[in-house]
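S.K.: For what it's worth, this note's numbering labels the leading residue of the sequence shown as 104, then goes sequentially. Below you'll find the structure I mean.
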Amino acid sequence: MMERVETGRPGKKDRAELEAFFRTTITDTFRRNGIQDPSGIEDEVEHQMETFDSGEEMIIARIDGRIVGTIACGRQNRSVRDNISGELKGLPEVKGVYVHPDYQSRGIGSHLWKTMISELHERGIARACLDSGYRLSQQYWTGKIGEPDVVMKDYWGKGEDQMIWFFPIEDLYTGLHG
Ligand SMILES: CC(C)(COP(=O)(O)OP(=O)(O)OC[C@H]1O[C@@H](n2cnc3c(N)ncnc32)[C@H](O)[C@@H]1OP(=O)(O)O)[C@@H](O)C(=O)NCCC(=O)NCCS
């Protein structure tokens, strides 16, 4: 499976496909996480497209030419920025990690994560952050990064926490590359 994955930067011509990818994947993510908020889906699609339109760093994964995954890095979202202080506010945020539902659990998310960590390492970025409000992905990030640094209990409603991780790029890079 993994040998057929190609990573690269999205261009202007990819915009419509990317938006359709986000709508499919985010709709499925909300459903699987039990989030009942139809307008929230469109808000999140719009949010991801803002990242694309503003030219922030984004990597896409393709299989047979089709977009199957994304990861981005750029300015902090409000849910992070408003809940931290000091120098942490300036850290870049890894965000927009989405793998198409038909292609999940095949290593694509891990591949995108590793690619982004390598890029940040090459650019000499010392630390970054990541946040997650999806219950199902919080274990995934705990597995990759460790315990979250900030847990905002019931941030999105009863039993729906928001979590933030801060991490040194060098350590993760070394861990991923041996
Ligand atoms: C979370 C997500 C990005 C992971 O990408 P993926 O390609 O499905 O995951 P991978 O195949 O790279 O998973 C690697 C490992 O994590 C595990 N894993 C996958 N999904 C998991 C989950 N939801 N919870 C816990 N572990 C998970 C796999 O078992 C695998 O373990 P292994 O390497 O020890 O075998 C993807 O499932 C996704 O897009 N989910 C919906 C959107 C989302 O929640 N995005 C994150 C936003 S913060």
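Here a beta-carbon is modelled for each residue, glycine too, at the ideal position from N, C-alpha and C.
(1) So which residues put a beta carbon under 5 angstroms from any heavy atom of ligand 1, going in chain order?
(2) Just the Cα atoms here: how many angstroms apart are Val200 and Arg209?
(3) Return the bridge partner residues of Ser235 from the DSSP annotation.
(4) Taking DSSP as the reference, what is the three-state secondary structure of Ala123?
(5) In whole angstroms, give me the CA-to-CA distance for Gly114 and Gly168.
(6) Compare the Cα-Cα distances from Asn136 to each of Glu196, Asp274, Asp252 and Gln241 and report the closest residue.
(7) Compute the beta-carbon to beta-carbon distance between Thr218 and Thr110, rounded to the nearest angstrom, for a pair I have assumed lies under 8 angstroms.
(8) Counting along the chain, where does the beta strand (DSSP E) carrying Lys198 start and finish?
(9) Counting C-beta neighbours from all protein chains within 10 Å, is the total for Gln139 16 or more, i.e. buried, or is it exposed?
(10) If you draw a straight line from the C-alpha of Pro271 to the C-alpha of Gln179, how long is it?
M.R.: The relevant details are as follows:
(1) For ligand 1, the selected residues are Thr132, Val200, Tyr201, Val202, Gln207, Ser208, Gly210, Ile211, Gly212, Ser213, Ser235, Tyr237, Leu239, Ser240, Gln242 and Tyr243.
(2) Rounded to the nearest whole angstrom, the CA to CA distance from Val200 to Arg209 is 15 angstroms.
(3) Its beta-bridge partners are Met266.
(4) Residue state, collapsed to three classes: helix.
(5) Gly114 and Gly168 have their C-alpha atoms roughly 14 angstroms apart.
(6) That would be Gln241, whose Cα lies nearest to the Cα of Asn136.
(7) With a Cβ gap of about 6 angstroms, Thr218 and Thr110 count as contacting.
(8) For Lys198, the enclosing beta strand (DSSP E) has its first and last residue at Glu196 to Val202.
(9) The residue is exposed, with fewer than 16 neighbouring Cβ atoms inside 10 Å.
(10) If I take the Cα positions, the gap works out to 16 angstroms.
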